[in-house]
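Residue numbers (UniProt numbering): 1 to 283. Reading through the structure tokens given below for one structure.
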Amino acid sequence: MKPALVPVFSCLPTGKGPGNDFAAPAVTRIAGLVAKQTKPKTKTRKTASRKGKKAARGGPQPLRWLRRWILRGLAVVVILFALVVTSHSVIRPWGGAYMLRERLRLGEIDRQWIPMEEIAPVMARSVVAAEDANFCLHWGIDMSAIRDAIADGAARGGSTISQQVVKNVYLWHGRSYVRKALETLITPLVELTWSKRRILEVYLNVAEFDEGAFGIEAGAWRYFQALPKDLSADQAARLAAVLPSPQSWSASAPGEFVSRRSAAIRDGAATIARDGRAACFED
Numbered sequence: 001m002k003p004a005l006v007p008v009f010s011c012l013p014t015g016k017g018p019g020n021d022f023a024a025p026a027v028t029r030i031a032g033l034v035a036k037q038t039k040p041k042t043k044t045r046k047t048a049s050r051k052g053k054k055a056a057r058g059g060p061q062p063l064r065w066l067r068r069w070i071l072r073g074l075a076v077v078v079i080l081f082a083l084v085v086t087s088h089s090v091i092r093p094w095g096g097a098y099m100l101r102e103r104l105r106l107g108e109i110d111r112q113w114i115p116m117e118e119i120a121p122v123m124a125r126s127v128v129a130a131e132d133a134n135f136c137l138h139w140g141i142d143m144s145a146i147r148d149a150i151a152d153g154a155a156r157g158g159s160t161i162s163q164q165v166v167k168n169v170y171l172w173h174g175r176s177y178v179r180k181a182l183e184t185l186i187t188p189l190v191e192l193t194w195s196k197r198r199i200l201e202v203y204l205n206v207a208e209f210d211e212g213a214f215g216i217e218a219g220a221w222r223y224f225q226a227l228p229k230d231l232s233a234d235q236a237a238r239l240a241a242v243l244p245s246p247q248s249w250s251a252s253a254p255g256e257f258v259s260r261r262s263a264a265i266r267d268g269a270a271t272i273a274r275d276g277r278a279a280c281f282e283d
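In structure tokens form, the structure reads like this:
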């Protein structure tokens, strides 16, 4: 006859008495050992599973490290560029890539910085009438001018004076979607940190008026042997008229097209003075 099977725990003394003092601690120790042998396996599997999912989401460690440093580098570049743009609200900017290219091509260029106070007000009004009649009304991008340019089949440009400053000082010339996108991103920053008067002052000092002649001082002297503060309304209009194609058109010997254009600019400058659209850049 087989002996009856007795559970392990039934062999342990129970009840009260001097021989039974170790019973409860023994049961507790055995239960703890069983728990230790089973729980770590579950935790290890869960931890490994979580690590695997994180690795799958983040990709290989070297790629994550490279991506992180690229993003940090781009952030530093953007911040530094924003600081440079902001500083030019009071510091004279350099001439830009196009001016440098012309200097290398010609050997030297004619340029002398002139503060706004030494430029005839009619010259500033003529440039606004010629290039950006809504200069005081927009935030850097003139949507109405862009719509008009599209309607005309892109026969004329829709760039504002602010956009031209960004192109001349910080970017490059030529048709490029990349350049246009950067121009559109940078222009609001210029409008935010510079005054309208400052934007026009920089434009008048970096715009090309003739081959190798950059800025209103060089243009006024080359064409009329005059200082910017002494320019007449007719001279200012003719200087503004050649801005779209300064190496092809002449302000001192204008052809029929430039003559018609300068007459329209002269009338436009007078209109701007009357209707208050010069208030943002005149004292």
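Using N, Cα and C, we set each Cβ at its ideal position, and we do this for glycine too.
Membership of Glu-217 in any beta strand (DSSP E) is not indicated; the residue belongs instead to the alpha helix (DSSP H) covering 216-224.
Residue pairing by DSSP places Arg-111 opposite Phe-214 in a beta bridge. Taking C-beta atoms as the reference points, Ser-252 and Phe-214 fail to come closer than 8 angstroms.
Following the DSSP letters along the chain, one finds Asn-205 inside the alpha helix (DSSP H) bounded by residues 196-206.
In the three-state reduction of the DSSP assignment, Phe-209 falls in the strand class, which pools E and B. With a beta-carbon spacing of about 5 angstroms, Glu-183 and Gln-163 fall inside the 8 angstroms limit used to define contacts.
Here Pro-244 carries a coil assignment [DSSP, helix/strand/coil].
Where Thr-193 is concerned, the enclosing alpha helix (DSSP H) starts and stops at 177-193. Judged by DSSP in its simplified three-state form, Arg-92 adopts coil rather than helix or strand. In the structure shown, Phe-257 adopts helical secondary structure according to DSSP, grouped into three states. For Glu-131, the enclosing alpha helix (DSSP H) stretches over residues 121-131. Per DSSP, the continuous alpha helix (DSSP H) segment holding Ala-97 begins and ends at 97-106. Just so you know, the alpha carbons of Leu-200 and Gln-61 end up roughly 50 angstroms apart. Cβ contact annotation for Leu-106 (same chain, cutoff 6 angstroms, sequence separation greater than five): Gly-212, in chain order. The residue from Arg-68, Gly-73, Phe-281 and Arg-274 with its alpha-carbon nearest to that of Tyr-203 is Phe-281. By the neighbour-count criterion, in which a residue is buried when 16 or more other Cβ atoms sit within 10 angstroms of its Cβ, Gln-235 is buried.
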